[in-house]
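Respectively, the protein sequence lines represent chains A and B.
Residue 396 in the working numbering sits at position 396 of the first sequence; the count goes up by one each step and never skips.
Residue 1107 in the working numbering sits at position 434 of the second sequence; the count goes up by one each step and never skips.
Even for Gly, the Cβ is constructed at its ideal location relative to N, Cα and C.
Number of protein chains: 2
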Amino acid sequence: MSLTTSIGWVPPSYGLTVIAEAASPDNTISVQVLLDGDGRAHYAVSRKGEAVIKPSRLGFILADQHQLERNFALVAAETTRFDETWEQPWGERRFSRNHYTQLHVRLKESAREGRSLNVTFRIYDKGLGFRYEFPEQGGLETVNIAEELTEFDMAEPATAWWIPAGEWSRYEYLYQKTPLSEVGQAHTPMTIRTQSGLYMAFHEAALVDYSAMWLRHVGGQKFKASLSPASTGPKVSRQAPFTTPWRTLQIAETAGGLVENDLILNLNEPNVLGDVSWVVPHKYIGIWWDMHIGLATWGAGDKHGATTERTKAYIDFAAEHGFRGVLIEGWNLGWDSDWFARGFDFDFCKAYPDFDLEAVAAYAREKGVRIVGHHETAGNIALYESQLEAALDLYARLGVDSVKTGYVADVGGVRARDDKGNIVYAWHDSQIMARHHLKVVAEAAKRKISINAHEPIKDTGLRRTYPNWVAREGARGMEYNGWGNPPNPPEHEINLVFTRLLSGPMDYTPGILSLEGNGQPLQSTLARQLALYVVLYSPIQMAADTMENLARYPEPLRFIADVPADWAETRVLNGEIGDFVTIARKDRHSDDWYIGAATDEEARTLEVVLDFLEDGRFYEAQIYRDADDTHYIGETRHNYVQETKRVRTGDRLTLKLAAGGGQVIRFTPHSVG
Amino acid sequence: MSLTTSIGWVPPSYGLTVIAEAASPDNTISVQVLLDGDGRAHYAVSRKGEAVIKPSRLGFILADQHQLERNFALVAAETTRFDETWEQPWGERRFSRNHYTQLHVRLKESAREGRSLNVTFRIYDKGLGFRYEFPEQGGLETVNIAEELTEFDMAEPATAWWIPAGEWSRYEYLYQKTPLSEVGQAHTPMTIRTQSGLYMAFHEAALVDYSAMWLRHVGGQKFKASLSPASTGPKVSRQAPFTTPWRTLQIAETAGGLVENDLILNLNEPNVLGDVSWVVPHKYIGIWWDMHIGLATWGAGDKHGATTERTKAYIDFAAEHGFRGVLIEGWNLGWDSDWFARGFDFDFCKAYPDFDLEAVAAYAREKGVRIVGHHETAGNIALYESQLEAALDLYARLGVDSVKTGYVADVGGVRARDDKGNIVYAWHDSQIMARHHLKVVAEAAKRKISINAHEPIKDTGLRRTYPNWVAREGARGMEYNGWGNPPNPPEHEINLVFTRLLSGPMDYTPGILSLEGNGQPLQSTLARQLALYVVLYSPIQMAADTMENLARYPEPLRFIADVPADWAETRVLNGEIGDFVTIARKDRHSDDWYIGAATDEEARTLEVVLDFLEDGRFYEAQIYRDADDTHYIGETRHNYVQETKRVRTGDRLTLKLAAGGGQVIRFTPHSVG
């Protein structure tokens, strides 16, 4: 009758003893490390004295040695402080402060193996990260990890926004909003709002040469790490010494507080590429939406999109309107038979006969436009890696300094080669793919090429270490408005801000000014399409509509051409997950400020205070807003108003957003008024 | 704002088309096989025209080939009927009817690999089973399975009784009762009660040379197969042709209907051992509870339990009271240092100096008692298999025809050798362990020895094929009442009947007549201890208390000595999961009937009709019941009443069960009255 709770063999000695603890610089967040009667290591997190994470297990199951999860004793615990402000070469803000207390705990088995395992906690005032360290030691030179035992046992019930993990080799889902207790297996970032109103995001930082962490619901509010599977061999194989990625928890009292949190970047290593002035934030157009709405094809034939002629027309359009880049998809051989999730036939150096790569590249150089390269692999990285260097050399020679890669594949369907050269099938976020993506980024960096990966492994902040990894997709993007069933509902882009975007820049590709997909309307207003350039951060932003469609909206097109893709400051003025959000950003290269706002299917009136504007100056506010009759469903979705106001710091603005709508404002300072 | 549901890439063509269907013999249950627009195979189940399982995926992720899950086309679908009644050598009932409609579906990829995959459904009036068949085909000789994609998408919300999978290498949990939507990853059998009141149990049958299926909650009411991991290599590796275990669903309108369902046995292959008259259902006592309550130790020392002297005393006690077997744990070397979850030191042929195996065995033979052998491996099957044949030969020579094996291990901590002879660590229910258990059973059968495995792989009905695999533990047993925190609450044994026991016999080891653990009282009444011999089926039943304690309760001891361990018929008279149950069973070797009843922490009055008794005869009903003042907490738990009544078929009996109590009745026919 009564609801019993799961419990295993609990010896009388099963008491938890605190062996180490530390608090964040201002003592908001504290971490305890504990051992139970069997020497199982646990950690616990509290905030302002309230439990946030109850004692949760730490440890590993090894593939070829006894599990590393009990009989631990404390060797030493060391606490240190760190405080540094560093500059981002590009980003949502120019400067970031990395201020934490570090607790380094060294554990050793009392059992006969006597193996060592260390854990490092970095405790911030607004979250924490921890990672394992496998020190150099005899008997454990090669660490073959079958599973990580890390747990996250939340102290109170919560609402979760999540997408399922282990379903297919992509992150392209609409977000589910459910009680935390009803989550299945989730990808990170998973964002929650606790019963007591705290906002938290679970994720990981610096996913390098390791398998991605999925969060598997165990029961109640408890989750367990579930490493992305390897189809053969252990999930992770590494040589000691090494450290795992950071397991991260961001905590804020507002949803926006999560967006303003740099914890993920701070836990990554500094730039290892040196001078990255060649990484240029920009906007681009391209031959892409044509295919998604059925006007053109990637493959050969009458409707082939990537022809020399059409590409030159796009280059002319880019030059005329001030877009730096032109993306061309479907230019290379391999799209014509059964390519999906196989990609056996792709040739990354050979163009279709109707596409003259050399001529197109020369024409672009002449026009001062950059070709944006494209490498679709269909997940066949075994093939891609065999051509990678030649393909990048080709682009480098032609002046292509930005490449969009693609990994369209289905469940566990990435085709790769393991260390022994055998063909294996892997998940998009397995260790083999973590290695692959960094290999591509490193090879690209040698040639001063930036990478924008689609159907990628999730972002874990590696753009700090490799600033040429400028963006990626990794969520349900604009193409679903072309053919998706259903298309992206208005709440989706709001959800992205508080989930996917917490991990890093997303190449969502806004700017479908026609608001038309392939026989289905976009669930968006026109003003919202403009607002997305401020709401959804990326250092590269596409104006995704066809050039013919873009040309039909000269004023909005002008805004897109002008809006920055690189920022000095970012502030979230308001927002609730899945409901609405308003973000203010300052241009990195001028004194201009922008605010972008968007709402879900409900019309909203949002009050904002312009306290971010510089004191003592007047600004011209150039406003693009929904018209009074605008609604995201029906013809009125096209209606917008462009108006100008004179404002200064401290002024209040009322943003009226239509159902499914948005608003964007550019603030340009006058001389001191 | 609105709750969105998870959806991936859904092409316009994504419609489901029925390609085959069939119904159970009386048309209660029907199955449809469907293909979607991408050729993904699905199945759906309905009962009396109502959906039970919504279209759910079928397929596999392979480790070294492209996933086998889409681009399928129907080659052929064949429907056949089968109806057979077969006899069990021992069991809950003598005869079982195996009556089903079989739907055999052959699928072939239209994609370039063109691989074949077949699925066989056996549709019963009270459930179904389906399994995959990998036919012999070029290019897929060795099938390396990374994951099985089988889904179970329940058509309506339900309450679930479940234990977590993937937490540790045992099933020893109290059952959780939660909404189905809050289940994490569960072991099977998982039992549910749907909103509309149907009872269902998910499990598998004939787990042979394959990895056990865990049920992973995906979201909503949807579950997905998650095969027990292999620490190295794919989860399953087989040579084609082969078939997977059956994925089973038992359906009933009452909880008891699940218990009376022989589907799991029917889906297993018939006896392959021929004459198994040497498999003898029986009861046994032994040197076991002494250790669990701290009176003795398994290892050497002053308190060593398994001494020659004490064993001879147990043999005398068994001979005097009519128990066939005497179990001796801790007789062999290897218990003395850090044995738990390692078992490096076990020697299965060498006894401790204070235990003379030869002398003890000779004494037992002389007294007409059988030694019950014991092999604790601590999960170190690499070591055990190296000694297995010698250890079984030794027992066979000494007349030991029943062996209790043990696999005490923690998370993924079974130590094994893979095909290449490398040491690997595995889960208790991985493919390597499925192979190990059958190897032990087969080697034992050669020597006419029966096996009772503790901390085993779950039961999937293989006792039909290997009748010497008489029982196993595989759930939280009596020992938790010795030292468990908490001990087993009264609801636990009721839960077992409707969950764990659906899979097969359990060696729960009732009969702790002292009702005392190690410093903690049992949460049971004395009458309940007797009732458990009828409520919890096993062909081998222990009287688990120490012989000194048993001797203090002559009348209950007499009942235990007399109660059968083999039955001709079994009927569940009433019951609700976790609340109460009453089961009637007919002795296989006499005309006696027994009924056993037990309740949770609530006192209950249950009305039963004796319609199972033979017409025209009077029976003496020998009743052991709780006294009027009995309660499972406190001293009154010892109070019971033994009384006798004269009854005949159709009579009504009122069973009054104390809180946490039970009742057992033996019906012995008089000559025709």
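- At least one beta carbon of chain A lies nearer than 8 Å to the beta carbon of G857 of chain B.
- Among the residues facing chain A, R743 of chain B is included, as its CB has a counterpart in that chain under 8 Å away.
- The Cβ of L790 of chain B sits no closer than 8 Å to any Cβ of chain A.
- Assignment of beta-bridge partners to Q541 of chain A by DSSP yields A:K283.
- The contact set of P907 of chain B on chain A, defined by CB atoms closer than 8 Å, consists of S231 and T232 in chain order.
- Runs of the beta strand (DSSP E) lying entirely within the stretch 443 to 515 of chain A and spanning at least 3 residues, in chain order: 450 to 454 and 469 to 472.
- Not one beta carbon of chain A lies nearer than 8 Å to the beta carbon of E1166 of chain B.
- No Cβ of chain B is located within less than 8 Å of the beta carbon of E516 of chain A.
- In the structure shown, W759 of chain B falls within a strand segment according to DSSP collapsed to helix, strand and coil.
- Here R500 of chain A is actually not in contact with G662 of chain A; their C-beta atoms are around 18 Å apart, not less than 8 Å.
- Interface with chain B (8 Å Cβ-Cβ cutoff): L573 of chain A is excluded.
- Membership of V1208 of chain B in the alpha helix (DSSP H) is indicated by the continuous run L1199 to V1208.
- Non-local C-beta neighbours of K656 of chain A in its own chain, meaning closer than 6 Å and more than five positions away in sequence, comprise T605, ordered along the chain.
- Among the residues of chain A, none has a CB under 9 Å from the CB of I1338 of chain B; the nearest is roughly 24 Å distant.
- Shown in chain order are the members of the stretch 138 to 150 of chain A whose Cβ falls below 9 Å from a Cβ of chain B: N144, A146, E147 and L149.
- Listed in chain order, the beta strand (DSSP E) runs fully inside the stretch 914 to 977 of chain B are 919 to 925 and 955 to 960, counting runs of at least 3 residues.
- Chain B places no beta carbon closer than 8 Å to that of R500 of chain A, leaving this residue out of the contacts.
- Closest option to I494 of chain A, judged by alpha-carbon separation, among A:A531, A:D507, A:V581 and A:G412: A:V581.
- When rounded, the separation of the alpha-carbon atoms in A659 of chain A and A598 of chain A is 9 Å.
- About 26 Å separates the Cβ atoms of T79 of chain A and F95 of chain A, ruling out a contact at the 8 Å cut-off.
- Judged by DSSP secondary structure, Y1305 of chain B falls outside any beta strand (DSSP E); it is assigned neither H nor E.
- Between V725 of chain B and I924 of chain B, the C-beta spacing is below 8 Å.
- With fewer than 16 other Cβ atoms inside 10 Å of its own Cβ, G519 of chain A counts as exposed.
- Excluding the 5 residues flanking it on each side, V272 of chain A has same chain C-beta neighbours closer than 8 Å at T465 and Y466, in chain order.
- Contacts with chain B at 8 Å (Cβ-Cβ) do not include D459 of chain A.
- For the stretch 370 to 392 of chain A, there are no residues whose beta carbon sits under 9 Å from a beta carbon of chain B.
- Closest in C-alpha terms to H1343 of chain B, from the list B:R1298, B:D1288 and B:H1304, comes B:D1288.
- Using a 10 angstroms sphere on the CB of I264 of chain A, the tally of other CB atoms reaches 16 or more, which defines it as buried.
- For R1321 of chain B, no CB of chain A lies under 8 Å from its own CB, so it is not counted at the interface with that chain.
- Listed in chain order, the beta strand (DSSP E) elements of length 3 or more contained wholly in the stretch 844 to 878 of chain B are 849 to 852, 863 to 867 and 872 to 878.
- Interface with chain B (8 Å Cβ-Cβ cutoff): I192 of chain A is excluded.
- Residues of chain A whose Cβ lies closer than 7 Å to the Cβ of A736 of chain B are, in chain order, S231, T232, V424 and Y425.
- Selection B:E1189, B:K1077 and B:T701 evaluated against V1143 of chain B yields B:K1077 as nearest (Cα-Cα).
- CA-CA distance, I1105 of chain B to L1061 of chain B, rounds to 16 Å.
- Listed along chain A is no residue with a C-beta nearer than 8 Å to that of D963 of chain B; the closest approach is about 18 Å.
- A straight line joining the alpha-carbon of A878 of chain B with that of A351 of chain A spans about 54 Å.
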